[in-house]
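Remarks on the structure that follows.
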Amino acid sequence: MAGSRNGGEARNWGGTALVVPALVLVAAFLLAPLALILRYSFDKYDPVKLMLGVFSFGNYVQAVADPYYRKVLLTTAEIAGLSTAIVMLLAFPVAYYISRVESQRLRGWLIILTMLPLLLGNAVRSAAWMVVMGSKGVANSIFLGIGLVEEPIKILYTPTAVVIALVSVLLPFAIITLQAVMDSIPTSLEEAGQSLGHSPLRTVFEVVLPLSMPGVVAASAICFALAMNAYATPVLIGGPTMKMMGPVVYEQIAKANNWPVGSTLAWILMAVTLVLTVLSTRFLSRKHF
Amino acid sequence: MGGVSFGRVAFIALVIAIFTFVIAPLLTIIWASFFVDKILTFPPTGYTLSWYARAWDLEEFANGFLMSLKIGACATVASLAIGVPAALAIERYPFPGRETVRQFLLSPMYVPAIVAGAAVYIYFIEVEILTNFQLAATFTGLVIAHTLVALPWTLRLVCASLLSANVVSEEAARSLGANALQTFFYVTLPIIRPGMIAAAMFSFIASFSDLEKSLFLVGPGKTTLPIAIINYLEWNLDPTISAVATVQIVIIAAALIISDRFVKLGKAF
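Quick mapping for you: the protein sequence lines, in order, are chains L and Z.
Start counting the first sequence at -19; every next residue gets the next number (my numbering).
Start counting the second sequence at 198; every next residue gets the next number (my numbering).
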């Protein structure tokens, strides 16, 4: 194979070139659009000309100082924080169970069962919660049936309903993330704990919990970011009075044509998500042992 | 003994309760799709299949369903056509900065859907102003956006299967004189076929269930199924919507089970 060295190098670059279409796609239809709205977030809205072509931090100041936007931001953070906390409490035992279950078959099924709701999309999941929480829904029928309440209680269109629905949306993400970290904790450590005479519960708190902390932090960051960005749940389960960031971004851009403010809110979400994603990858890539 | 087994039972009961919390609403909506009563009441006065027929009669659902199928199919093909070569370049032709490239190509998965949707919408409109080429509220525009949704799934699953495949057989083919294309089609492709099928399934699922990216990009007569569902839900809550949701659940569950036959999901995540 004369000249194979040269040929090899040429082929190598040919191989590397295969990545170009994907790069172009992501650059053209994700990076460029994000850069564009980053620029617009510094522009100023004008009812007639739509945008003035100026450069100022006015929208970012407004997003924090204006009572309306500040309330949206705070509500979003509050709901996201509360949902994340509940999700972590619920995800921990489930992830631990999946990670320690002996039958590989059962494990596979449990992972599919966890993933399925995640893959159904937010429209279907919100619809399902509406059927459960509506005034004539399942929850109210059960409450009435067992005499817990006298007349249907209002569950749908309350912040509580949004938190409940968000928790179910976020649980799969937290379970999968935590379970992956727990898989890497050798069971021998728990056996050591138990052989010292500790109860299983104590072993979990003293061995498994500290060692899964990177997973807990990472999963919390992911869930909080996802909750901040939620759209379908606040719109459908929260109703029109429930103002969270996602729906307000949509309103400003698609309905009010206020691209500068919409872009600003979008980039606040983007920045929060970026920071939390980097944080979670840092924690997950850290060596556990 | 008693204490230990009680703790174990309580633990398993807790796990079952949490799974029930996630799954029960989905089972409820499937159940509700068979109710006779127009206004949802539990328990129902009788059962019927007529809501499925009614859902199909409603233009927005029939069109949305067909549109979602078409977009899903196109986005899946596009994401395989772009993603498989990219995965090959990353796993088989090491180049400087390939980890950065990998993260960059996976980034559509991490950028908030609502933010990406808003950005692409504004971008499409600016492109239209500059070039007179309409992308927002068109089939092409939706397929582009959905290809981006699907690409990270394709890349992830194909990279994983390239990584676990043995490089030796590819090298053997090359040393026997097969060129790069022959090696790919006769050696690499058969090895990564299961990964590619799973990639296709997940790309399709990601596209078919997408709501947030499509939200800004749909237009009159160009609506996807999830958008049709939330538009309907704004004003109605009846068994029709349960029937539509059930159809979507069945399609996605089927795709998931098919992909599990090729790639053990228990190990992939």
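Glycine residues also receive a C-beta, built at the ideal position from the N, C-alpha and C atoms.
Residue i and residue j closer than 7 angstroms at C-beta
| i | j | result |
| --- | --- | --- |
| Gly280(Z) | Leu360(Z) | no |
| Leu124(L) | Ala205(L) | no |
| Trp247(L) | Ser63(L) | no |
| Leu408(Z) | Ala103(L) | yes |
| Tyr244(Z) | Gly(-5)(L) | no |
| Ile215(Z) | Val4(L) | no |
| Pro309(Z) | Thr253(L) | yes |
| Val317(Z) | Ala342(Z) | yes |
| Lys419(Z) | Ala315(Z) | no |
| Ser406(Z) | Thr421(Z) | no |
| Ala284(Z) | Leu352(Z) | yes |
| Pro436(Z) | Trp248(Z) | yes |
| Ser400(Z) | Trp350(Z) | yes |
Secondary structure of residue i, DSSP reduced to three states
| i | result |
| --- | --- |
| Leu30(L) | strand |
| Phe232(Z) | strand |
| Gly416(Z) | strand |
| Gly(-17)(L) | For Gly(-17)(L), the predicted structure reports a pLDDT of 37, less than 50, and the residue's modelled location is therefore unreliable. The matter cannot be settled from this model. |
| Tyr211(L) | coil |
| Tyr77(L) | helix |
| Ala310(Z) | helix |
| Ala(-10)(L) | Interpretation of Ala(-10)(L) is limited by its pLDDT of 46, a score under 50 that renders its predicted location unreliable; the figure taken from the coordinates is listed afterwards. It is helical. |
| Met250(L) | helix |
| Tyr25(L) | strand |
| Tyr137(L) | coil |
| Gly199(Z) | In this prediction, Gly199(Z) has a pLDDT of 45, which is less than 50 and means its spatial position is unreliable; nothing more can be read from the coordinates. |
| Tyr20(L) | helix |
| Tyr383(Z) | helix |
| Tyr244(Z) | strand |
| Tyr290(Z) | coil |
| His178(L) | coil |
| Ile217(L) | helix |
Cα-Cα separation between residue i and residue j, rounded to whole angstroms
| i | j | result |
| --- | --- | --- |
| Ala107(L) | Leu216(L) | 8 angstroms |
| Ala154(L) | Val161(L) | 11 angstroms |
| Arg390(Z) | Arg299(Z) | 21 angstroms |
| Gln42(L) | Ile319(Z) | 21 angstroms |
| Ile78(L) | Met68(L) | 15 angstroms |
| Gly219(L) | Val364(Z) | 55 angstroms |
| Gly199(Z) | Val206(Z) | Caution applies to Gly199(Z), whose pLDDT of 45 falls short of 50 and renders its modelled position unreliable; the value that the coordinates give is listed next. Distance between the alpha carbons of Gly199(Z) and Val206(Z) is about 11 angstroms. |
| Val149(L) | Gly101(L) | 9 angstroms |
| Ile156(L) | Ile91(L) | 8 angstroms |
| Leu327(Z) | Asn433(Z) | 40 angstroms |
| Phe330(Z) | Glu296(Z) | 35 angstroms |
| Val233(Z) | Leu224(Z) | 17 angstroms |
| Leu128(L) | Ala210(Z) | 23 angstroms |
| Tyr307(Z) | Met264(Z) | 26 angstroms |
| Asn209(L) | Met222(L) | 14 angstroms |
| Met250(L) | Thr217(Z) | 33 angstroms |
| Asn120(L) | Glu131(L) | 8 angstroms |
| Ser168(L) | Pro152(L) | 27 angstroms |
Minimum Cβ-Cβ distance from residue i to chain L less than 7 angstroms
| i | result |
| --- | --- |
| Lys222(Z) | It is worth fixing the name first, because residue 222(Z) is Pro in this sequence and not Lys. Taking Cβ atoms only, chain L reaches closer than 7 angstroms to Pro222(Z), which makes this a yes. |
| Ser406(Z) | yes |
| Val233(Z) | no |
| Thr421(Z) | no |
| Leu327(Z) | no |
| Ala283(Z) | yes |
| Glu296(Z) | no |
| Ala139(Z) | The question about residue 139(Z) has no answer here: the residues shown for chain Z are numbered 198 through 466. |
| Ile311(Z) | yes |
| Ala270(Z) | no |
| Leu211(Z) | yes |
Interface flag, residue i vs chain Z, CB-CB below 7 angstroms
| i | result |
| --- | --- |
| Leu176(L) | no |
| Gly195(L) | no |
| Ile217(L) | no |
| Val229(L) | yes |
| Thr140(L) | no |
| Phe9(L) | yes |
| Tyr49(L) | no |
| Ala119(L) | no |
| Tyr77(L) | yes |
| Pro1(L) | yes |
Cross-chain neighbours of residue i in chain A, by beta carbon under 9 angstroms
| i | result |
| --- | --- |
| Phe413(Z) | You won't find chain A in this structure, because its protein chains are L and Z. |
Is it true that the region 425 to 435 of chain Z meets the region 249 to 259 of chain Z, where meeting means three or more beta-carbon pairs spaced less than 8 angstroms apart?
yes
Take every Cβ of the region 97 to 117 of chain L, pair it with every Cβ of the region 20 to 35 of chain L, and state whether three or more of those distances are shorter than 8 angstroms.
no
Segment contact, 8 angstroms Cβ cut-off, at least three pairs: the region 264 to 275 of chain Z with the region 427 to 444 of chain Z
no
Kindly confirm or deny that the region 228 to 248 of chain L and the region 83 to 94 of chain L touch, where touching means at least three C-beta pairs closer than 8 angstroms.
no
Mind the definition here: the region 122 to 139 of chain L touches the region 453 to 462 of chain Z only if three or more C-beta pairs lie below 8 angstroms; say whether that holds.
no
Answer yes if the region 195 to 205 of chain L comes into contact with the region 257 to 264 of chain L, meaning at least three C-beta pairs across the two stretches below 8 angstroms, and no otherwise.
yes
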